[in-house]
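What follows is a short report on a single structure.
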Ligand code: ASP
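In the working numbering, the protein residues as written are 2 to 330.
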């Protein structure tokens, strides 16, 4: 075959390949999509992912299921998605922990900025500092005294190294200059059960999961981590931790959606568009607002901005974590 003929044949094969792949992805999604949550069922990340799954069903015209792959502060679930087939059918819903794990873990089973496609930051929620029902303090000033009187003995539950509850605990410990015993769980859902049962003393928990327990008086609340007091009826009278004397204490827990690296651009675009539509769903907005969660409507819904934001958070937390001296294997 002459060079020209060979070239024409190769071009024709290329065209066939392109049209096959475009046609294949035009059908996306033609089977259920799995959202991997790297924490236990019943916790704040699980709750957010289940609400998102529900709201995604319509724009994707598919079933969206949630699968909890919990453990090691979210790194096991994140690694599962990093290694999944890059076809858009296995996605990760992860929080702030994706940006803190690189500074905390000596060896991480994935590369945060290289092994994922970023699909948009979806929400932000403040945390609350809550305590077991029988705790001998009824406001933050009393709690502070109780913590320093029990230096080295106070138990603080968390969802594993790098989880939001752990990060909040690190900042709390550093600000109070008191040593506390961190008790890790696979998520704050099982931790909450132990807190309500009095097996652990304290926990920083996202409003998402804390509000129902505060309303039911199953836990005591000592402060919120937002800059301003929260408008929610259950929290309107609760001081911010900054107001209570921890100057500058502010923490918001954001969640984002990720796909394995190499997922086709057409699939990513379809997923990003569906996420944007889902976040406008009035039912979803109402459900999240009732739990103190703010839906993201700004530029961070854009994949490139989402990635940039995570990079910024990685740098910010790397300094805090370095100062804390905390590491994990
Ligand atoms: N997001 C975790 C969970 O759903 C809690 C945390 O990070 O503290 O259990």
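Glycine is no exception: its CB is placed at the ideal position from the N, C-alpha and C atoms.
{"Query": "Residue range of the unbroken alpha helix (DSSP H) whose run includes residue 215", "Result": "208-216"}
{"Query": "Residues near residue 83 by beta carbon distance below 7 Å, same chain, minus five either side", "Result": "111, 116, 117, 261"}
{"Query": "Residues surrounding ligand 1 [beta-carbon distance to nearest heavy atom under 5 Å]", "Result": "40, 44, 45, 46, 160, 164, 165, 166, 188, 189"}
{"Query": "For residue 295, three-class secondary structure by DSSP", "Result": "strand"}
{"Query": "Nearest-angstrom Cα separation, counted from residue 140 out to residue 355", "Result": "Past the edges of the chain, shown from 2 to 330, lies residue 355, and the structure says nothing about it."}
{"Query": "Residue environment, residue 94, which counts as buried when at least 16 other CB atoms sit within 10 Å", "Result": "buried"}
{"Query": "Every unbroken alpha helix (DSSP H) inside the region 182-209 [4 residues or more]", "Result": "189-197"}
{"Query": "Residue 280 in three-state terms, based on DSSP", "Result": "coil"}
{"Query": "Contact the region 205-223 vs the region 129-138: 3+ CB pairs below 8 Å", "Result": "yes"}
{"Query": "Nearest neighbour of residue 187, chosen from 316, 170, 47, 303 [CA to CA]", "Result": "47"}
{"Query": "Exposed unless 16 or more other CB atoms sit within 10 angstroms - verdict on residue 324", "Result": "exposed"}
{"Query": "Every unbroken alpha helix (DSSP H) within the region 31-111, with a cutoff of 4 residues, ordered by chain", "Result": "45-61, 76-83, 98-105"}
{"Query": "Local Cβ density within 10 Å of residue 182, reported as buried at 16 or more and exposed below that", "Result": "exposed"}
{"Query": "Residue 192 versus residue 28 - alpha carbon distance", "Result": "42 Å"}
{"Query": "Nearest candidate by alpha-carbon position, reference residue 131, set 58, 45, 202", "Result": "202"}
{"Query": "Reference residue 161; option with closest CA among 119, 99, 321", "Result": "99"}
{"Query": "Exposure label - residue 51; buried when at least 16 CB within 10 Å", "Result": "buried"}
{"Query": "Length of the line joining the Cα atoms of residue 154 and residue 26", "Result": "56 Å"}
{"Query": "Outcome for residue 1 when other beta-carbon atoms lying within 10 angstroms are tallied against a minimum of 16", "Result": "Absent from the structure is residue 1, since the part of the chain shown begins at 2 and ends at 330."}
{"Query": "For residue 105 and residue 322, the rounded distance between their alpha carbons", "Result": "7 Å"}
{"Query": "Where the alpha helix (DSSP H) through residue 172 begins and ends", "Result": "165-177"}
{"Query": "First and last residue of the uninterrupted beta strand (DSSP E) at residue 144", "Result": "Here residue 144 belongs to no beta strand (DSSP E); instead the alpha helix (DSSP H) covers 141-150."}
{"Query": "With 16 other Cβ atoms within 10 Å as the buried cut-off, status of residue 328", "Result": "exposed"}
{"Query": "Alpha carbon of residue 269 to alpha carbon of residue 121, nearest angstrom", "Result": "10 Å"}
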